Every structure is written in structure tokens, then in C-alpha cells.
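Taking it in order: structure first as C-alpha cells, then the write-up.
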Amino acid sequence: MSVTIKDISKQVGVSYSTVAKALNNSPLVKESTKRKVMEAAEALGYTPNLAARSLVTKRTGLVGIVWPGIDRAALSSLVTSIQRRLAEKGLTALLSIHEPQEAIATFENLRADAILLFEESTADIIARPSHRRTPMISIGMPIKPGVPYVDMNRREAIRLAVETLAGKGYERIAYIGPYAEASMQQQEKWIGFKEGLHQAGITFQEEWIIDSRGLLWQDGYRAAKQMLKLSERPTAVISGSYDLAAGIIRAFQGEGLSVPQDIAIISYDHIPHMEQLEIPISAVGVAEADIATAVTDTLLRAIESIDNVSDRTSLTPAYIHRESD
34 MSVTIKDISK QVGVSYSTVA KALNNSPLVK ESTKRKVMEA AEALGYTPNL AARSLVTKRT
94 GLVGIVWPGI DRAALSSLVT SIQRRLAEKG LTALLSIHEP QEAIATFENL RADAILLFEE
154 STADIIARPS HRRTPMISIG MPIKPGVPYV DMNRREAIRL AVETLAGKGY ERIAYIGPYA
214 EASMQQQEKW IGFKEGLHQA GITFQEEWII DSRGLLWQDG YRAAKQMLKL SERPTAVISG
274 SYDLAAGIIR AFQGEGLSVP QDIAIISYDH IPHMEQLEIP ISAVGVAEAD IATAVTDTLL
334 RAIESIDNVS DRTSLTPAYI HRESD
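Just so we're aligned, residue 34 is where the sequence shown starts under the numbering used here, counting upward by one.
Laid out in C-alpha cells, this is it:
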């Protein structure tokens, strides 16, 4: 026989309504009572009935995340932080790496309270009309009017990287990242690179942007090898992502180059992984924890009322010095 909130109520010695509120992480219940309720629920093997809860609260406690893939460490790290923040708020994250339209339809059928879009795409990601009006927000860039987004200011982050390197006396500064067929998010990065050079009074040279044609380790490795063949080798490079930076560092090591003595590097992606590379990499970007908090807070506001969410939540990137520049 399944355990109900009545069993938990009897075990803890509080009313049914208090148990229900505690299980839903209501601020109306004391933290000490919540702990007792959660401990009793775990001890008794209580499993919440999402269908029943949604009938009462009109919510399921589910947040769908449309994720572009599992092959990039930076995204994996960020989505883990977001999942933890959602869990702290009593919400369960459901992850899908299916085609965006299919993932959105699945989350709507599950009556998710909100959907987070990670996809680096355009408005066609949600072109299909929705009859449920599930609140959606995107991370990175605007996708469609009416869909709020959390902006990590990639453009400003890369501009800051150029400013930092120029301030240390570097003049031959290269950028490695997707270029020819870059998404909007990646375009913002190399636009910031060009702006940074202009503001530093450094003449832009086309060959200083090395098209990695992707954001993976092997893309960074190949692009770095290509860069090192330039007749006038750059003295510093800015990487468009953590994964690229890992490949770039390996390419430098293969050529017998020391970082930063022979060549300096700063990478986009302010994640803990940067400290775990062979050489701790200086970084620019918004701290992973800050992104997770902003995304979670925006999702919570959207669940309450999408009309109360700003179209754009802007975050401020920072430079984090380590050992690579």
C-alpha cells in the first residue's frame, strides 16, 4: 500500500495541510518542520503523486530543459549547477537532447511548469504554435518576442579579454572560435574581439581570427595548429570556450611552447574546470553560479507570471586571473 501525506502527518504530528506545504517547499512552514517532514517522507518511502499534486496546485514542479548536447564540458557543468539551484527551490529538472520542437512538445504534454531553452538557434525553434502557453525562457540570446532571455554578455566578455591582454602589452592577439558559420552567440564573441582591438588601438588583421568550426576539444587543437603556422605568430590568443582552450593548450604543448612565457591565453567560460587544466587558464565571463542563480530566479518568476519577467536579464562578465597570461 502506497504511503500518503496522512501517514507522514501521523508520523510527524502535524496537520495534512502542513505536510503538503512542506513537501512543496512553502515559505509558510518553518525550516525545522520541513526537515522533519522530509525525513519522515524519506523514511516511509513516500513518492509524490505529480498528477494529483497538479490538480490541486495547478503545477507539477517540473522544469524542462532543451539542451543542445552532452559533448561540451562547459554546458554540462552549467546545467548541473542550474539543476541544483532548481532542486533547492523544490523543482525537478527534466533534460532533453532531442530536436527542440520534439522536446518542447514532450515537456508540454508532461505539463512542465516552465521550459528553459539552451538551443543556439533562431525563432524557428518555437515556431510551432502552443496551445498551453507554457512559460519559456532562453539562455544566451533572444529567440522570439515574448520569450525572456538571460544574457551573459559574451560580446563584453571577449572585449574585456582583449582589453586585459592589451593592458599587459600584448599587441599580436588572436581569437579562436567558430566564425564563418557561427551562431548568433558565437558572432557576439568575435564582434567583441574586433571592438576590443579597435578600442586598444590595435589594427585588426583578418588572419588573427582562426575559425575553429566548432566548440569541441579537437576543434581547438586543429585551430591552434593552424594559428601556429602564421608567418607572424600571435603572442596571445583568446579562446571562445573552455573545451577549445583545452585543445589549444595541448597543441601548444605539442609544439614545445610554454604558457604564458611563449604565448598567453585567456578563455571564455567562467567555470571551475579552468583551474583543472594542465595550466590553470585565466578566464572571462559570468561565474557559473551566478548564471545558475539568474536562470533559476527568472524561471521562478516566469512560473508565477510570464508578464512579470523582463525581456532581458543582463549579467556582467568579469576577468579571472590565473596562470596563463
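The C-beta atom is built at its ideal place from N, Cα and C for all residues, glycine as well.
Small disclaimer: the values here were computed from a predicted structure and weren't measured.
In terms of alpha-carbon separation, which member of Ser245, Gln220, Gln218, Pro267 lies closest to Gln238? Indexing the sequence shown from 1 puts residue 238 at position 205. Of the candidates Ser245, Gln220, Gln218, Pro267, the one whose C-alpha sits nearest the C-alpha of Gln238 is Pro267.
Using the Cα positions of Ile103 and Val47, report the straight-line distance between them to the nearest angstrom. To locate residue 103, count along the sequence shown from 1; it is residue 70. To locate residue 47, count along the sequence shown from 1; it is residue 14. Rounded to the nearest angstrom, the two C-alpha atoms are 44 angstroms apart.
In angstroms, rounded to a whole number, what distance separates the CA positions of Leu25 and Lys43? With the chain represented from 34 up to 358, any question about residue 25 goes unanswered, as that position is not in the structure.
Please name the residue or residues paired with Thr125 in a DSSP beta bridge. Working through the sequence shown from its first residue, we reach residue 125 at position 92. Answer by DSSP bridge pairing, in chain order: Leu95.
What separation, rounded to the nearest whole angstrom, lies between the Cα atoms of Ala320 and Ile209? Here residue 320 refers to the residue found at position 287 when the sequence shown is read from its first residue. Here residue 209 refers to the residue found at position 176 when the sequence shown is read from its first residue. Their backbone Cα atoms lie some 21 angstroms apart in a straight line.
If you draw a straight line from the C-alpha of Ala74 to the C-alpha of Arg68, how long is it? As a working note, residue 74 is residue 41 in the sequence shown. As a working note, residue 68 is residue 35 in the sequence shown. Straight-line Cα distance between these residues: approximately 10 angstroms.
Where Leu88 and Ala279 are concerned, what is the direct C-alpha to C-alpha distance, given to the nearest angstrom? As a working mapping, residue 88 is identified with position 55 in the sequence shown. As a working mapping, residue 279 is identified with position 246 in the sequence shown. Here the model assigns Leu88 a pLDDT of 48, short of 50, so the residue's position is not dependable, and the following value carries that caveat. Spanning the two alpha carbons is a distance of roughly 49 angstroms.
Whose C-beta lies closer than 6 angstroms to the C-beta of Ser154 among residues of the same chain, with five residues either side of it excluded? Here residue 154 refers to the residue found at position 121 of the sequence shown. For Ser154, the pLDDT reaches just 49, beneath the cut-off of 50, and the residue's location in the model is therefore unreliable, leaving the point undetermined.
Measuring CA to CA, which of Ala316, Val328, Gly225, Asp340 is closest to Phe151? One-based indexing of the sequence shown puts residue 151 at position 118. Cα-wise, what sits closest to Phe151 is Val328.
Drop a sphere of 10 angstroms on the beta-carbon of Tyr303, count the other beta-carbons inside from all chains shown, and report buried for 16 or more, exposed for fewer. The count along the sequence shown starts at 1 and reaches residue 303 at position 270. First, the amino acid is wrong: residue 303 is His here, not Tyr. Classification for His303: buried.
For Ala76, does the count of other Cβ atoms within 10 angstroms reach 16, so buried, or fall short, so exposed? Numbered from its first residue, the sequence shown carries residue 76 at position 43. Label assigned to Ala76: exposed.
How far does the alpha helix (DSSP H) with Met174 in it reach, from first residue to last? In the sequence shown, residue 174 corresponds to position 141, counting from 1. Premise fails: Met174 is in no alpha helix (DSSP H) and is neither H nor E.
Here's the rule: buried if 16 or more other CB atoms are within 10 angstroms of the residue's CB, otherwise exposed. What is Ile206? Along the sequence shown, read from residue 1 onward, the residue named residue 206 stands at position 173. With 16 or more other Cβ atoms within 10 Å, it is buried.
Leu127 versus Ala145: straight-line alpha-carbon distance, rounded: Counted from its first residue, the sequence shown places residue 127 at position 94. Counted from its first residue, the sequence shown places residue 145 at position 112. About 9 angstroms.
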